[in-house]
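Visitor: This is the structure I want to talk about, given as structure tokens.
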Amino acid sequence: MSELVQVYLPMFLVFAVGAAIVAVFWLGGHYLGPKNPNPEKLQPYECGNDSDGARGVRMSVKFYLTAILFVVFDIEAVFIYPWAVLFKGLGWTGFLTMLAFIAALLVALAYCWKKGALEWES
Amino acid sequence: MNLLFGLSPFLAVGVGALLLMLAEAFGKPNVAPGVETTDAGAGRAGELALGAAVILVIGAVLSVAVWVAGPESLPELTQVAPHLVIDKFTLFFSFTLCVGGALAALLAGGYLPEHGIDRSEFFPLLLLSTVGAMALSAAGDLLTLFVALETMSLGVYSLIGLRRGSPRAAEAALKYFLLGSFAAAIMLFGLALLYGATGHTDLAGIGAAVRSIGSPGSTVSAGKILISLVLVLVGLAFKVSAVPFHQWTPDAYEGAPTPAATYMAVAVKSAAFAVLLRVLLVGFGDERLASWGAGWPPALAVLAVLSMTVANLVAGRQESVKRMLAYSSIAHAGYALVGVVAAMRSPEAVSAVAFYLLAYTVSTAGAFGALILCGSRGAEAVSYEDLAGVGKRHPAAALAFSLFLFSLAGLPPTAGFFGKLYVFRTAIDSGLYTLAILGLVNSVIGAYYYLRVMVYLYMREPAPGAPRAVTMRSGFVATALVAAAIFVLLLGMAPGFTLDMASGAALTAR
Chain A
131 MSELVQVYLP MFLVFAVGAA IVAVFWLGGH YLGPKNPNPE KLQPYECGND
181 SDGARGVRMS VKFYLTAILF VVFDIEAVFI YPWAVLFKGL GWTGFLTMLA
231 FIAALLVALA YCWKKGALEW ES
Chain B
1170 MNLLFGLSPF LAVGVGALLL MLAEAFGKPN VAPGVETTDA GAGRAGELAL
1220 GAAVILVIGA VLSVAVWVAG PESLPELTQV APHLVIDKFT LFFSFTLCVG
1270 GALAALLAGG YLPEHGIDRS EFFPLLLLST VGAMALSAAG DLLTLFVALE
1320 TMSLGVYSLI GLRRGSPRAA EAALKYFLLG SFAAAIMLFG LALLYGATGH
1370 TDLAGIGAAV RSIGSPGSTV SAGKILISLV LVLVGLAFKV SAVPFHQWTP
1420 DAYEGAPTPA ATYMAVAVKS AAFAVLLRVL LVGFGDERLA SWGAGWPPAL
1470 AVLAVLSMTV ANLVAGRQES VKRMLAYSSI AHAGYALVGV VAAMRSPEAV
1520 SAVAFYLLAY TVSTAGAFGA LILCGSRGAE AVSYEDLAGV GKRHPAAALA
1570 FSLFLFSLAG LPPTAGFFGK LYVFRTAIDS GLYTLAILGL VNSVIGAYYY
1620 LRVMVYLYMR EPAPGAPRAV TMRSGFVATA LVAAAIFVLL LGMAPGFTLD
1670 MASGAALTAR
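Taken in sequence, the protein lines are chains A and B. Position in the first sequence (from 1) plus 130 gives the number in the working numbering. Position in the second sequence (from 1) plus 1169 gives the number in the working numbering.
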């Protein structure tokens, strides 16, 4: 138990000091700062234009499509990196396995392409 | 070469799925002249369904071929172990999964065009999900287990939401997705804890580490093992939809296109049971954990009793036949769980569960198929009233429906009878008398709502002014029903052969 305390005590001290500093500044600003409210100042935004229009913006589905495709093909790179590092050790088995993996991804790419998932216009 | 042969069921379905994907995207849409479409799969549900069914049948045949050749005579298969464990247990389940998937594909070939759901992605997704399910039944390593589970589930999430215009389908898909990812997260936490406690990701290594608890020099913490066992059980109980982790089931089945519900009821559940058996017997097979006094058997027994009782009581009160079948699938999860509990003492229980799930697969796929057959465009058969009078006007459809319901109720001479017989017999042989008796009582209660369908089929007429049931005409659905009926009768009249195969599956699960 004492070992745990020794290891983690400095960390908790940092947390405590951080929280204390934040509390002092925040409470100090809250209680010591002058307060002269007027209608202008009480508006949600003190500068810029009044906001208009609906709050939620409907995003086109193509953003999600692009994001998903990016993730899929990005993960492919993640898998290929460790393989490239160990390329010599893995030999032909590793090479053929990776070929099969890339072939499957190529099928997916061809599918996306033909289905129009890569078209931005339209 | 031997390695490729051993893996051929998986390769056939996996490569087949990729080819079907290309065929779907690069084919010519089959639409009426003058109709503009950008979807290359438009109007081609029939040919793609045929392709998917053929690929899955090839997968099933290859499973049998590798079974006959004997996976133990293929030493190269140890190269892929423990990530994929190809033994007779795996092959029996991959046969069941391929059969279930093929039946669902055939049903979809009739259902999707009839109800105007022109989404040919159904078939590649179905195949990819089946690959995941097969890998799940073969998973001997926590990593494969999780990846396979998600491969299987991701396909199913999209299959449920296929009817994009319908709020019901969106609700069903979202519900299943949210609860499914939640359950997967809980299970993943358990798997991580298991790895942390034992330092192994392969189930055999975990099993050895669990056995070492209590022996001098062992650093494995029993508490962590117990917590991870609970978390893994929660995740898997969700997938087999055991009460109290079943709430998503009726809604998801109701909102999904019926063939997708069929696939969920048969393949997802069977694969989840396969992995449940393997995790419990290989990973947590230690005598102290697999005993009645402590460990998983009492917990699973409670799940089994709850699933059977609650599902049977609620199923009788349903107005929708689809929901009734959903609750029936929960009740059947309960019966199969009785066999899983018995597996702590007798290895035969594993084969009983495997046999039970094959019987359940063909009966449930048949029952959903018969329900599909009883409806047509704009008049999908949903409630009991929709089925009134079908027995007089469409005797073949009613006869098929009755056969599958008999099998689900467990009446001889059908597959379901022997499934229940073997499961309850192994329970009695293992000394689980209370559990076996509760199971039998529940089978009797269950017969009530299955027979209620038959009352409507044969003894009721639609109310005056109510629409009359019009059956659809589809070679695909008819083929699926005939195939399922042959299985139900074969397993029911000559169960010995299949049971011999299943008992080969039992020995290697330990």
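Using N, Cα and C, we set each Cβ at its ideal position, and we do this for glycine too. The structure presented is a predicted model; accordingly, all values stated were derived computationally and were not measured.
Please state whether DSSP places residue 136 of chain A in a helix, a strand or coil.
Guide: Here residue 136 of chain A corresponds to residue number 6 of the first sequence, with the count starting at 1. In the structure shown, residue 136 of chain A sits in a helix (DSSP, three-state: H, G or I).
Visitor: Go through its chain and collect everything with a Cβ distance to residue 1250 of chain B's Cβ below 7 Å, but skip five positions before and after it.
Guide: Counting from one through the second sequence, the residue named residue 1250 of chain B turns up at place 81. Taken in chain order, the residues that qualify are 1309.
Visitor: In chain B, which residues lie less than 7 Å from residue 246 of chain A when you measure between Cβ atoms?
Guide: On the first sequence, position 116 is the one that residue 246 of chain A refers to. What residue 246 of chain A touches in chain B: 1207.
Visitor: Return the first residue and the last residue of the alpha helix (DSSP H) that residue 206 of chain A is part of.
Guide: Taking the first sequence and counting its residues from 1, one reaches residue 206 of chain A at position 76. Unbroken alpha helix (DSSP H) run through residue 206 of chain A: 191-215.
Visitor: Which complete alpha helix (DSSP H) runs does the region 1333-1386 of chain B hold, if anything under 4 residues is left out?
Guide: Whole alpha helix (DSSP H) segments, 4+ residues: 1336-1367, 1372-1380.
Visitor: Would you list the one or two residues that DSSP bridges to residue 1253 of chain B?
Guide: Counting from 1 along the second sequence, the entry for residue 1253 of chain B is found at position 84. According to DSSP, residue 1253 of chain B bridges with B:1308.
Visitor: How would you list, in chain order, the residues of chain B whose beta-carbon sits under 7 Å from the beta-carbon of residue 194 of chain A?
Guide: Here residue 194 of chain A refers to the residue found at position 64 of the first sequence. Within 7 Å Cβ-Cβ: nothing; residue 194 of chain A doesn't reach chain B, min ~14 Å.
Visitor: Pick helix, strand or coil for residue 1302 of chain B, following the three-state DSSP scheme.
Guide: For the purposes of this step, residue 1302 of chain B is taken as residue 133 along the second sequence, with counting starting at 1. Residue 1302 of chain B: helix per DSSP, three-state reduction.
Visitor: Quick one: give me the first and last residue of the alpha helix (DSSP H) that residue 1411 of chain B is part of.
Guide: Numbered from its first residue, the second sequence carries residue 1411 of chain B at position 242. Looking at the DSSP string, residue 1411 of chain B is not in any alpha helix (DSSP H), and its letter there is neither H nor E.
Visitor: Which residues does DSSP list as the beta-bridge partners of residue 1552 of chain B?
Guide: Locating residue 1552 of chain B in the second sequence gives position 383, counting from the first residue. For residue 1552 of chain B, which the question treats as bridged, DSSP gives the partners B:1489.
Visitor: Out of curiosity, what's the CA-to-CA distance linking residue 1644 of chain B and residue 1330 of chain B?
Guide: Stepping through the second sequence from its first residue, residue 1644 of chain B is reached at position 475. Stepping through the second sequence from its first residue, residue 1330 of chain B is reached at position 161. Rounded to whole angstroms, residue 1644 of chain B to residue 1330 of chain B spans 25 Å at the Cα level.
Visitor: For the putative contact between residue 1586 of chain B and residue 1661 of chain B, defined by C-beta atoms under 8 Å, what is the C-beta separation to the nearest angstrom?
Guide: Mapped onto the second sequence, residue 1586 of chain B falls at position 417. Mapped onto the second sequence, residue 1661 of chain B falls at position 492. Contact flag correct, Cβ pair sits at about 6 Å.
Visitor: To the nearest angstrom, report how far apart residue 197 of chain A and residue 1551 of chain B are at their CA atoms.
Guide: Numbered from its first residue, the first sequence carries residue 197 of chain A at position 67. Numbered from its first residue, the second sequence carries residue 1551 of chain B at position 382. Their Cα atoms are separated by approximately 39 Å.
Visitor: Determine which residues of the region 231-242 of chain A have a Cβ less than 7 Å from any Cβ of chain B, and write them out in chain order.
Guide: Taking 7 Å as the Cβ-Cβ cut-off against chain B, the residues of the region 231-242 of chain A that qualify are 234, 237, 240, 241.
Visitor: So, helix, strand or coil for residue 1528 of chain B, using DSSP?
Guide: As a first step, residue 1528 of chain B is located in the second sequence; it is residue number 359 there, counting from the start. In the structure shown, residue 1528 of chain B sits in a helix (DSSP, three-state: H, G or I).
Visitor: Taking C-beta pairs closer than 7 Å, name the residues in chain A that residue 1195 of chain B reaches, listed in chain order.
Guide: Within the second sequence, the letter at position 26 stands for residue 1195 of chain B. Residues of chain A passing the Cβ test: 244.
Visitor: Using the Cβ count rule (16 or more neighbours within 10 Å means buried), how would you classify residue 1242 of chain B?
Guide: The sequence position of residue 1242 of chain B within the second sequence is 73, counting from 1. Residue 1242 of chain B should be labelled exposed.
Visitor: To the nearest angstrom, how far is the alpha carbon of residue 1425 of chain B from that of residue 147 of chain A?
Guide: If you number the second sequence from 1, residue 1425 of chain B lands on position 256. If you number the first sequence from 1, residue 147 of chain A lands on position 17. Distance between the alpha carbons of residue 1425 of chain B and residue 147 of chain A is about 55 Å.
Visitor: So, for residue 1457 of chain B: in the same chain, excluding its five sequence neighbours on each side, which residues have a beta-carbon less than 7 Å away from its beta-carbon?
Guide: Locating residue 1457 of chain B in the second sequence gives position 288, where the first residue counts as 1. Excluding positions up to five away in sequence, the list reads 1463, 1464.
Visitor: Closer than 8 Å is the cut-off here; do at least three beta carbon pairs connect the region 1512-1532 of chain B with the region 1249-1268 of chain B?
Guide: With the cut-off at 8 Å, the region 1512-1532 of chain B and the region 1249-1268 of chain B touch.
Visitor: Cα separation between residue 1195 of chain B and residue 1435 of chain B?
Guide: Your numbering for residue 1195 of chain B matches position 26 in the second sequence. Your numbering for residue 1435 of chain B matches position 266 in the second sequence. Taking the straight line joining both Cα atoms gives about 31 Å.
Visitor: Buried or exposed for residue 222 of chain A, please, with buried defined as at least 16 other CB atoms from any protein chain shown within 10 angstroms of its CB.
Guide: Position 92 of the first sequence, counted from the first residue, corresponds to residue 222 of chain A. When all chains shown are included, residue 222 of chain A counts as exposed.
Visitor: Go ahead and pull the three-state DSSP assignment for residue 186 of chain A.
Guide: Residue numbering aside, residue 186 of chain A sits at position 56 when the first sequence is read from its first letter. Three-state result, residue 186 of chain A: coil.
Visitor: Taking the Cβ atom as the reference point for each residue, do residue 1703 of chain B and residue 1618 of chain B lie within a distance shorter than 8 Å?
Guide: Absent from the structure is residue 1703 of chain B, since the part of chain B shown begins at 1170 and ends at 1679.
Visitor: What first and last residue would you give for the alpha helix (DSSP H) that runs through residue 1216 of chain B?
Guide: In the second sequence, residue 1216 of chain B corresponds to position 47, counting from 1. Taken as a continuous stretch (DSSP letters only), the alpha helix (DSSP H) holding residue 1216 of chain B covers 1214-1238.
Visitor: If we define contact as Cβ-Cβ less than 8 Å, is residue 1190 of chain B a contact residue for chain A?
Guide: The count along the second sequence starts at 1 and reaches residue 1190 of chain B at position 21. Yes, residue 1190 of chain B lies at the interface with chain A (some Cβ there is under 8 Å from its Cβ).
Visitor: Considering only heavy atoms of the ligand SAH, does any lie closer than 7 Å to the CB of residue 1381 of chain B?
Guide: In terms of ligand content, the structure shown is empty, and the ligand SAH therefore cannot be addressed.
Visitor: Return helix, strand or coil for residue 1211 of chain B, following the three-state DSSP convention.
Guide: The sequence position of residue 1211 of chain B within the second sequence is 42, counting from 1. Residue state, collapsed to three classes: coil.
Visitor: Per DSSP, residue 1459 of chain B is paired with what?
Guide: Counting from one through the second sequence, the residue named residue 1459 of chain B turns up at place 290. Paired residue(s): B:1464.
Visitor: Alpha helix (DSSP H) containing residue 1171 of chain B: first to last residue?
Guide: Counting from 1 along the second sequence, the entry for residue 1171 of chain B is found at position 2. Residue 1171 of chain B -> alpha helix (DSSP H) spans 1171-1195.
Visitor: Whose Cβ in chain A lies nearer than 7 Å to the Cβ of residue 1297 of chain B?
Guide: Counting from 1 along the second sequence, the entry for residue 1297 of chain B is found at position 128. In chain order: nothing, as chain A lies at least about 10 Å away.
Visitor: Select from B:1582, B:1238, B:1454, B:1607 the residue whose C-alpha is nearest the C-alpha of residue 1655 of chain B.
Guide: The residue you call residue 1655 of chain B lines up with position 486 of the second sequence. It is B:1582.
Visitor: Quick check: what's the CA-CA separation for residue 1174 of chain B versus residue 1235 of chain B?
Guide: Start at 1 with the first residue of the second sequence, and residue 1174 of chain B comes out as number 5. Start at 1 with the first residue of the second sequence, and residue 1235 of chain B comes out as number 66. Rounded to whole angstroms, residue 1174 of chain B to residue 1235 of chain B spans 7 Å at the Cα level.
Visitor: Return the chain-ordered list of same chain residues with a C-beta closer than 8 Å to the C-beta of residue 1638 of chain B, the five sequence neighbours on each side being excluded.
Guide: Within the second sequence, the letter at position 469 stands for residue 1638 of chain B. Result list for residue 1638 of chain B: 1543, 1544, 1548, 1550, 1555, 1556, 1557, 1558, 1559, 1562, 1563, 1631, in chain order.
Visitor: Closer than 8 Å is the cut-off here; do at least three beta carbon pairs connect the region 1211-1218 of chain B with the region 1304-1324 of chain B?
Guide: They do not touch, by the three-pair rule.
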